[in-house]
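Report on the structure given below.
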Amino acid sequence: MLKLLGAHGSPFVRKVKLVLDEKGLKYEHEQVAPFPPTAEYRKVSPLGKIPALIDGDRALADSSVICAYLERTHPAPALYPADPYAYARALWFEEYGDSGLAPIVGGKMFFNRIIGPRIMKKPFDEALYQQAVERDLPPMFDYLESEIAGDHLVGGAFTIADIGIATQFVNYRLAGGALAPARWPKLAAYIEKTHARPTFKAAIAIEEKIFGGARG
Ligand SMILES: N[C@@H](CCC(=O)N[C@@H](CS)C(=O)NCC(=O)O)C(=O)O
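See below:
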């Protein structure tokens, strides 16, 4: 059976979980935290980061790598567009989530407000949080607002682009972030709809239980 390694709260672990769930695959989910990674875990994830995936005698690290692998090994339902440009655009939005949103939403908001104080005994840095909300994120949300034309980001279908962006907004929400519909009407409606998918709803319910009460 497939085994997903990585802890709840990570947008990258969630990205893989959502792909597994959208494809209806059976898997075990072992909670592995990377702070610090063990020597044993580094054998499957040489950079020491979560997630990793075990498939029989195969091991893979990195959420984008794992999702691409799952698409090849379990092609239906397709989560990547067939058209080359749409395919590349979907990868772009996944990257925008991973490298654009994650350091701000994950680092400056979720980690700063939830994981740091709760697990690492690091105090909440309110100025850093406000910097994310007031300075860093508005231009990123403006960009996403300008890209949204319907229910999905690319090709009129649900793809890795939607998973890659909306997983970051789960952390945004868990960290206490709110999307003002008056300023970003399309983005707010898009995220609400995407988070209402059964796969997202189930993931959010688990993580709200773990982290929801930790805001403060
Ligand atoms: N590019 C990686 C990023 C994974 C990542 O940064 N995971 C974080 C947790 S959300 C981590 O393991 N951090 C530990 C570290 O950087 O040492 C992926 O997509 O899987």
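Using this note's numbering, the first residue of the sequence shown is number 1238, and each one after it goes up by one.
C-beta: ideal position from N, C-alpha, C; glycine also.
### Message
Are there any heavy atoms of ligand 1 lying less than 7 Å away from the beta-carbon of Lys1345, as far as the coordinates show?
### Response
Translated into positions along the sequence shown, residue 1345 becomes position 108. Checking the Cβ of Lys1345 against ligand 1 gives no.
#### Entry: Residues near Ile1303 in its chain [Cβ-Cβ closer than 7 Å; skip 5 each side]
Indexing the sequence shown from 1 puts residue 1303 at position 66. Within the same chain, Ile1303 has close Cβ partners Val1253, Pro1288, Leu1290, Leu1297.
### Message
Buried or exposed, going by whether 16 or more other CB atoms sit within 10 Å of the CB of Pro1340?
### Response
Sequence index remark: in the sequence shown, residue 1340 carries index 103 (1-based). Exposed.
### Query
To which residues of the same chain is Glu1265 closer than 8 Å at the C-beta, ignoring the five residues directly before and after it?
The count along the sequence shown starts at 1 and reaches residue 1265 at position 28. Taken in chain order, the residues that qualify are Met1238, Leu1239, Lys1240, Leu1241.
### Leu1381, DSSP secondary structure in three states
For the purposes of this step, residue 1381 is taken as the residue at position 144 of the sequence shown. In the structure shown, Leu1381 sits in a helix (DSSP, three-state: H, G or I).
### Task
Within the same chain, show all residues whose beta-carbon is closer than 7 Å to that of Gly1334, passing over the 5 residues directly before and after it, in chain order.
Within the sequence shown, numbered from 1, the residue matching residue 1334 stands at position 97. Result list for Gly1334: Gly1401, Ile1402, Thr1404, Gln1405, in chain order.
#### Entry: Closest Cα partner of Phe1347 within the set Leu1365, Val1281, Leu1416
Here residue 1347 refers to the residue found at position 110 when the sequence shown is read from its first residue. Nearest of Leu1365, Val1281, Leu1416 to Phe1347, Cα basis: Leu1365.
### Buried versus exposed, by CB contacts within 10 Å (16 or more), Arg1309
Within the sequence shown, the letter at position 72 stands for residue 1309. Its Cβ having fewer than 16 others within 10 Å, Arg1309 is exposed.
### Task
Quick one: give me the first and last residue of the beta strand (DSSP E) that Ile1291 is part of.
Counting from 1 along the sequence shown, the entry for residue 1291 is found at position 54. Ile1291 -> beta strand (DSSP E) spans 1289-1292.
### Task
Go ahead and label Tyr1409 buried or exposed: buried means 16 or more other beta carbons lie within 10 angstroms of its beta carbon, across all protein chains shown.
Counting from 1 along the sequence shown, the entry for residue 1409 is found at position 172. Buried.
### Task
Tell me whether Val1269 sits in a helix, a strand or coil according to DSSP, three-state version.
Walking along the sequence shown from the start, residue 1269 turns up at place 32. The DSSP-derived three-state label of Val1269 is coil.
### Query
For the alpha helix (DSSP H) that contains Lys1423, what are its first and last residues?
Here residue 1423 refers to the residue found at position 186 of the sequence shown. Where Lys1423 is concerned, the enclosing alpha helix (DSSP H) stretches over 1422-1432.
### Query
Is Lys1438 helix, strand or coil by DSSP?
The sequence position of residue 1438 within the sequence shown is 201, counting from 1. Assigned with DSSP and collapsed to three states, Lys1438 falls in helix.
### Query
Just the Cα atoms here: how many angstroms apart are Ile1397 and Phe1437?
Here residue 1397 is taken as the residue at index 160 of the sequence shown, counted from 1. Here residue 1437 is taken as the residue at index 200 of the sequence shown, counted from 1. C-alpha separation (whole angstroms): 13 Å.
### Query
Exposed or buried, Thr1318, counting other C-beta atoms within 10 Å across all chains shown (16 or more means buried)?
To locate residue 1318, count along the sequence shown from 1; it is residue 81. Here residue 1318 is Pro; the residue named in the question, Thr, does not match the sequence. Pro1318 should be labelled buried.
### Task
Assign Thr1431 to one of two classes, buried (16 or more other C-beta atoms within 10 Å of its C-beta) or exposed (fewer than that).
By 1-based counting over the sequence shown, the position of residue 1431 is 194. Buried: at least 16 other Cβ atoms inside 10 Å.
### Message
Is Pro1312 near ligand 1 - that is, is its Cβ less than 7 Å away from at least one heavy atom of it?
### Response
Start at 1 with the first residue of the sequence shown, and residue 1312 comes out as number 75. Flag unset: Cβ of Pro1312 not near ligand 1.
### Task
Measure the CB-CB distance between Pro1248 and Gly1343 and report whether it falls below 8 Å.
Within the sequence shown, numbered from 1, the residue matching residue 1248 stands at position 11. Within the sequence shown, numbered from 1, the residue matching residue 1343 stands at position 106. Inclusion of Pro1248 and Gly1343 in the CB contact set at 8 Å is warranted, their separation being smaller than that value.
### Query
How is the beta strand (DSSP E) around Leu1257 delimited, first residue to last?
Within the sequence shown, the letter at position 20 stands for residue 1257. Premise fails: Leu1257 lies in the alpha helix (DSSP H), 1248-1259, not in any beta strand (DSSP E).
### Close-in-space but distant-in-sequence residues of the same chain around Val1357 (CB under 8 Å, 5 per side omitted)
Here residue 1357 corresponds to residue number 120 of the sequence shown, with the count starting at 1. Checking the sequence, you will find Met at residue 1357 rather than Val. Sequence-distant partners of Met1357 (beyond 5 residues in either direction) whose C-beta falls short of 8 Å from its own C-beta, in its chain, are Phe1272.
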